[in-house]
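Below you'll find the structure, written out as structure tokens, and then a few comments.
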Amino acid sequence: MNNIRLRNKLLLFYFLAVFIPVLFTNLFFYSVTTHSVRKQKEQDISLELDRIQNAFRAKIDAAVGVSSIVYADGWMNESLEREYPDWVEYLDAYDAYIRPTLNRYAPLDRSIQDLTIYTDNPTLLGAGGISPLTADVKQSAWYDAVMSAASSDAPLFVHTRSGSTGSGDGAYSLIRKLNMQASNRYAKILKIDFHPDTFKQVMDNRALQGDLYLVNQEGVIEFTTASSNDWRQQPIPFASVDKPEGALVFTKTFPTVDYLRGWSIIGIMPEHQILAEIQKSQMAVVYLALVNLLLPTLIIIWIAKSLHDRLLRILKQMKQVKNQRFEPIDHVESTDEIGQLTVEFNRMTGQIKRLIDDVYLADIQAKDLELQRRRAQLHALQSQINPHFLFNALEALRMRSLMKREEETARIISSMAKIFRKSLAWGNDWVTVRQETDLIGSFLEIQQYRFGKKLVYSIEVSEAAALCRIPKMIFVPFVENASIHGIEAIHEQGVIQLEVSAEGEELVFLLRDNGIGMEEDKLRYVLSERSLEEDSEEHVGIRNVIARLQLFYGDAARLDIESTPGAGTTVKMRLPQQLNFSK
Numbered sequence: 001m002n003n004i005r006l007r008n009k010l011l012l013f014y015f016l017a018v019f020i021p022v023l024f025t026n027l028f029f030y031s032v033t034t035h036s037v038r039k040q041k042e043q044d045i046s047l048e049l050d051r052i053q054n055a056f057r058a059k060i061d062a063a064v065g066v067s068s069i070v071y072a073d074g075w076m077n078e079s080l081e082r083e084y085p086d087w088v089e090y091l092d093a094y095d096a097y098i099r100p101t102l103n104r105y106a107p108l109d110r111s112i113q114d115l116t117i118y119t120d121n122p123t124l125l126g127a128g129g130i131s132p133l134t135a136d137v138k139q140s141a142w143y144d145a146v147m148s149a150a151s152s153d154a155p156l157f158v159h160t161r162s163g164s165t166g167s168g169d170g171a172y173s174l175i176r177k178l179n180m181q182a183s184n185r186y187a188k189i190l191k192i193d194f195h196p197d198t199f200k201q202v203m204d205n206r207a208l209q210g211d212l213y214l215v216n217q218e219g220v221i222e223f224t225t226a227s228s229n230d231w232r233q234q235p236i237p238f239a240s241v242d243k244p245e246g247a248l249v250f251t252k253t254f255p256t257v258d259y260l261r262g263w264s265i266i267g268i269m270p271e272h273q274i275l276a277e278i279q280k281s282q283m284a285v286v287y288l289a290l291v292n293l294l295l296p297t298l299i300i301i302w303i304a305k306s307l308h309d310r311l312l313r314i315l316k317q318m319k320q321v322k323n324q325r326f327e328p329i330d331h332v333e334s335t336d337e338i339g340q341l342t343v344e345f346n347r348m349t350g351q352i353k354r355l356i357d358d359v360y361l362a363d364i365q366a367k368d369l370e371l372q373r374r375r376a377q378l379h380a381l382q383s384q385i386n387p388h389f390l391f392n393a394l395e396a397l398r399m400r401s402l403m404k405r406e407e408e409t410a411r412i413i414s415s416m417a418k419i420f421r422k423s424l425a426w427g428n429d430w431v432t433v434r435q436e437t438d439l440i441g442s443f444l445e446i447q448q449y450r451f452g453k454k455l456v457y458s459i460e461v462s463e464a465a466a467l468c469r470i471p472k473m474i475f476v477p478f479v480e481n482a483s484i485h486g487i488e489a490i491h492e493q494g495v496i497q498l499e500v501s502a503e504g505e506e507l508v509f510l511l512r513d514n515g516i517g518m519e520e521d522k523l524r525y526v527l528s529e530r531s532l533e534e535d536s537e538e539h540v541g542i543r544n545v546i547a548r549l550q551l552f553y554g555d556a557a558r559l560d561i562e563s564t565p566g567a568g569t570t571v572k573m574r575l576p577q578q579l580n581f582s583k
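Take the sequence shown: its position 420, counting from 1, is numbered 420 in full-length UniProt numbering, and each next residue is one higher.
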């Protein structure tokens with residue numbers, strides 16, 4: 001084990017002590033849970049089939065109860081056995097007892113659609129629940145079933161398919177002979193027809209996702225929720241039904257009563273319906289297993305990374321010592337063995353470094369003195385071009401001009417000194433509008449000295465705008481372009497007008513000149529992004545202003561320039577006043 005790297009040891013510990021035990025534990029838990037869920041699902045299906053069976057039996061028993069009442073009614077039997085001399089007397093007897101009796105028993109259960117008594121008594125009229133036993137009736141499937149029944153007076157539940165002949169085709173009926181008294185001369189059969197949707201409502205159970213079958217004592221399908229409709233046309237044995245692979249079959253046989261003897265309800269449940277519930281449990285087990293694996297894995301990785309990284313850092317620094325680099329290891333104070341090893345390594349390298357420093361200290365001090373001497377020479381050179389020296393020189397020229405009574409020259413030199421001093425001495429990037437316009441006035445005064453009467457200018461600043469702050473030198477380049485590029489190129493008198501005002505929450509700078517103007521293509525180029533990217537000295541001031549506006553204000557600042565060749569240029573700049581702050 002001593003020859004195995006630490007990382008591999010930790011991995012071996014992880015697989016033997018964490019991964020394999022957790023994996024086998026979760027597999028066992030998964031098997032037990034899956035079996036329990038499957039058993040529970042099968043019990044739920046069995047209970048649901050019991051409920052369907054009881055509901056089906058209740059519908060049949062309700063009809064059986066009605067048939068028993070009619071079967072035991074002596075007055076009804078006497079009224080049906082009596083021979084009536086004419087139809088008037090029959091109608092009197094019908095209205096007096098037969099019709100009230102049928103109307104009283106028929107609505108006892110909503111699943112009963114019709115109640116009919118068939119008889120071969122020729123003196124009874126076929127109407128209102130009484131029907132003669134005609135030849136067509138005797139050829140029907142339900143008549144053959146009741147006549148061939150083993151018991152002479154027991155109720156019989158039959159289903160007549162659409163392919164059969166006779167009355168009531170395609171219906172479910174309860175048939176019973178009314179031959180309670182042995183002295184009866186005429187045949188009397190009670191036929192109770194069920195509502196077509198009665199058994200569909202009972203069998204159509206959404207809790208069961210499979211198919212349900214009602215199978216008679218001969219194994220023939222009498223009703224099913226499956227999509228096939230062939231069973232309505234012809235008898236289909238249940239044994240011939242194709243069952244999905246892996247499907248579960250649940251059978252519920254009815255109790256031993258004569259009218260449902262041997263009948264059963266069979267449910268075919270596809271395996272994937274049951275597995276759907278099992279899969280939910282499977283996912284819960286999988287998630288639990290992932291947590292059981294992931295949490296220890298993260299902890300072990302965290303511990304292993306801590307050990308590995310710290311040891312690797314020590315090894316890296318030890319290799320640097322071989323190259324005479326004695327830098328300490330940056331680490332968080334820790335009290336474990338690796339932390340103590342780091343502290344001792346730093347102490348050792350520190351001592352080695354101090355010994356080396358003592359040996360080369362004299363040489364280092366000599367080099368430091370040489371460096372200081374050269375720095376002093378550099379400072380001396382810088383002091384020769386100090387801006388104060390230039391200010392003093394300009395002031396000396398101004399005083400000399402005053403002494404010679406050259407007041408105009410002295411005023412121009414004073415303006416130049418003011419421009420130079422403000423350009424170099426401002427400590428931040430923001431100035432007031434008044435300071436900016438004073439600087440513009442000094443510049444225009446110099447230009448007027450240059451052009452003489454050829455240049456006329458005016459500066460108007462509103463009181464509301466004078467104390468607001470703006471980026472310094474933000475409008476000077478436009479005044480410079482107006483005087484140098486605009487006025488210089490014309491022969492007539494040049495006029496420059498500057499107005500600064502506050503409109504709502506904006507500061508508005510408006511500059512007009514009657515200079516030479518610019519072509520539309522040139523103006524579009526000056527304002528384009530391409531001109532900002534090109535390294536050219538032409539229009540550098542305008543490009544600088546556009547870049548600074550974008551820097552300070554973003555999209556909140558607006559700059560519009562209108563220029564007509566030979567007619568002059570108008571510059572309008574709008575800055576958001578709320579971004580400025582007053583004194």
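Just so it is clear, CB atoms sit at the ideal spot from N, CA and C, and this is done for glycine as well.
Residue from the options with nearest C-alpha to residue i
i	options	result
residue 585	I474, K353, I265	Lying before the first or after the last residue shown, residue 585 is absent from the chain, which here runs from 1 to 583.
P175	Q435, P565, V215, Y259	At residue 175 the sequence reads Ile, which differs from the Pro that was named. Out of Q435, P565, V215, Y259, Y259 has the C-alpha closest to the C-alpha of I175.
E81	G452, I130, E327, Q43	I130
residue 607	T198, V70, R38	As displayed, the chain neither begins before 1 nor continues past 583, which places residue 607 out of reach and without an answer.
T564	I546, G517, R524	G517
P477	Y449, L439, G494	L439
F451	S414, E463, I490	I490
T432	Q139, W142, Q577	Q577
Q234	S306, A63, H159	H159
L527	I546, L511, G515	I546
Coarse secondary structure for residue i, derived from DSSP in three states
i	result
I20	helix
F254	coil
H308	helix
P576	strand
S227	coil
Y457	strand
T342	helix
R261	coil
A380	With a pLDDT of only 38 at A380, under the threshold of 50, the placement of this residue in the model should not be trusted, and no figure is reported.
N8	helix
E327	coil
L248	strand
M269	strand
V286	helix
A62	helix
T165	No answer about T165 holds up, because its pLDDT of 41 lies below 50 and its placement is not dependable.
L444	helix
L467	coil
Y84	coil
residue 598	Because the chain here runs from 1 to 583, residue 598 falls outside it and cannot be looked at.
F389	Note that F389 has pLDDT 42, beneath the 50 cutoff, so the model's placement of it is unreliable and the number below is only indicative. If DSSP states are grouped into helix, strand and coil, F389 belongs with the helices.
E492	coil
L413	First, the residue type needs correcting, since residue 413 is Ile and not Leu in the sequence shown. Correct three-state label for I413: helix.
P237	strand
E218	coil
W426	With a pLDDT of only 47 at W426, under 50, the local geometry of the prediction cannot be trusted, and the value read off the model is given with reservation. Coil.
C-beta contact flag for residue i and residue j at 7 Å
i	j	result
I98	S79	yes
K191	L178	no
G262	Q217	yes
E503	E460	no
R558	R574	yes
D560	K572	yes
D242	I236	no
N121	Y172	no
T225	L212	yes
Y94	T123	no
I446	S415	yes
P132	V64	no
Supposed contact pair residue j and residue i - C-beta distance, whole angstroms, cut 8 Å
i	j	result
T569	D513	6 Å
F238	I221	6 Å
I329	R354	I329 to R354, Cβ: 17 Å. No contact.
A247	E271	6 Å
Y30	V285	5 Å
Checklist entry - Quick one: complete beta strand (DSSP E) runs, 3+ long, within the region 173-210? => result As far as the region 173-210 is concerned, its whole beta strand (DSSP E) runs of at least 3 residues are 188-194.
Item to check | Length at least 4, wholly inside the region 497-574: the alpha helix (DSSP H) runs in chain order | outcome: If we require 4 residues or more, the alpha helix (DSSP H) runs fully inside the region 497-574 come out as 520-527, 529-533, 540-553.
Item to check | Whole beta strand (DSSP E) elements within the region 87-111, 3-residue minimum | outcome: Listed in chain order, there is nothing to give.
Checklist entry - Which full runs of the beta strand (DSSP E) of 3+ residues lie inside the region 108-161, going along the chain? => result Listed in chain order, they are 112-119, 130-132, 156-160.
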